[in-house]
Amino acid sequence: MPSSAPRPAADPAAPAASTAAAVEQRRVEPARPVKEEPRVRFDPDEIAAAVYDDSTTFVGNLDDDDDPAAKPASRTGLLLGLMALALAALAAFVIYDKFGGSGADAPLAPTHGSFTITSRPAAARIFIDDVDTGQTAPHTLQNMTAGTTYRVHAELPGFLPAPSTSIQAVAGETVDVQLELQPIPHAVRIETTPPGARVIVDGREQPETTPTTLGPLEIDYRTGIDIILQLDGYERHSVRHTWPAGERDGRMSVQLTPEPRGGRRR
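By the working numbering, the letter at position 32 of the sequence shown is numbered 39, and the numbering carries on one by one without gaps.
In structure tokens:
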């Protein structure tokens, strides 16, 4: 058998030496230069041109060289854009001033008027076009449409309704309206026991003696009348006669008192 030659013993220091050499080589190896990317520069003229020209796609300059021919064109576009804006602003101002500017700031022309309504006697209920307003005279009705004619009347218990009055509202003005109401006529039948007494009403003697009828009286029912009844041999009878609101016919019966013997009472 062929004899195998003995292998030389491995040197344990060899791998360590090769590793150290590799590390040393890396240390002394020069660094690779880093490629510097070109900087992007933005030209304000090109930005303005891109704003006013939709067909221009701005990407910026990728190098440090400027295009001398592009600058005049960009500045021209900016100037044209500014001129267009100025013209648009001027047109908007003219339109606003003519249709909505100074006219909007000025006070609007009035479109309504008012009625100040008084009644005689006072406190009559106010009606407009036969609709109760819920107000009593004197009162001012606001917001009456200018140019419109309204029918105004008033009502008060114990009085005939005031005739309707046609009033036209005037823009920005107050129209005074005075309404006269007449009392509901009232008649009163006066009877005395004994009959034949003289009748004096508010200081005026009436042509007839009792029994008699006074009226119709066109007097405020709340005021009434003063009636004095006189008959020889009897005491004078005095009374203030009033009646319910709206009553047209009344009746008064009086028992006269004889004068005491020996003379008339004072």
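Backbone N, C-alpha and C fix where the C-beta goes; we use that ideal spot for every residue, glycine too.
Rounded to whole angstroms, what is the Cα-Cα separation between residue i and residue j?
i, j, result
"Asn68", "Leu85", "Per-residue confidence for Asn68 stands at a pLDDT of 47, beneath the threshold of 50, marking its modelled position as unreliable; the derived number appears in the next sentence. About 19 Å."
"Ser109", "Ala131", "Confidence in Ser109 is poor, its pLDDT being 49 and thus under 50, which makes the residue's placement too unreliable to answer from."
"Pro117", "Gly154", "12 Å"
"Pro145", "Arg158", "17 Å"
"Ala93", "Phe100", "11 Å"
"Val138", "Ile124", "15 Å"
"Ser260", "Thr216", "13 Å"
"Ala95", "Val184", "55 Å"
"Thr140", "Thr156", "16 Å"
"Ala204", "Glu180", "59 Å"
"Ile133", "Glu266", "53 Å"
"Glu212", "Tyr228", "21 Å"
"Gly88", "Ala98", "15 Å"
"Gly231", "Leu115", "53 Å"
"Arg243", "Arg268", "15 Å"
Determine the closest residue to residue i out of the options, with distance taken between C-alpha atoms.
i, options, result
"Pro251", "Ile234, Ile226 and Ile235", "Ile226"
"Gly210", "Tyr157, Ser260, Arg268 and Asp233", "Asp233"
"Gln262", "Thr83, Ser245 and Arg255", "Ser245"
"Thr249", "Arg243, Pro190 and Glu266", "Pro190"
"Val182", "Pro214, Thr156 and Ser121", "Ser121"
"Ile135", "Leu115, Glu180, Pro128 and Ala169", "Ala169"
"Leu186", "Pro128, Pro267 and Leu97", "Pro128"
Taking residue i and residue j to be in contact with their CB atoms under 8 Å, please state how far apart those CB atoms are, rounded to whole angstroms.
i, j, result
"Met90", "His119", "Actually they are not in contact, since the Cβ atoms of Met90 and His119 sit about 48 Å apart, beyond 8 Å."
Check this for me: beta carbons of residue i and residue j, under 9 Å apart or not?
i, j, result
"Glu253", "Val195", "Sequence inspection shows Gly at residue 253; the Glu mentioned does not correspond to that position. In this structure, Val195 does not lie closer than 9 Å to Gly253 by Cβ."
"Tyr241", "Thr219", "no"
"His171", "Thr143", "Contrary to the premise, residue 171 reads as Ser rather than His in this sequence. Their beta carbons are not under 9 Å apart, which means Ser171 does not touch Thr143 by this criterion."
"Leu207", "Leu238", "Position check: residue 207 holds Ile in this sequence, whereas Leu was assumed. No, the Cβ-Cβ distance between Ile207 and Leu238 is not below 9 Å."
"Leu167", "Leu148", "no"
"Arg255", "His193", "yes"
Should residue i be flagged as near chain B, meaning a C-beta pair shorter than 9 Å?
i, result
"Ser171", "Looking at the structure shown, chain B is missing, and only one protein chain is on hand."
- Pair every Cβ in the segment 190-205 with every Cβ in the segment 174-181, then say whether three or more of these pairs are closer than 8 Å. no
- Query: Given 8 Å as the limit, is there contact between the segment 160-169 and the segment 212-224, that is, 3 or more CB pairs closer than that?
  - Reply: no
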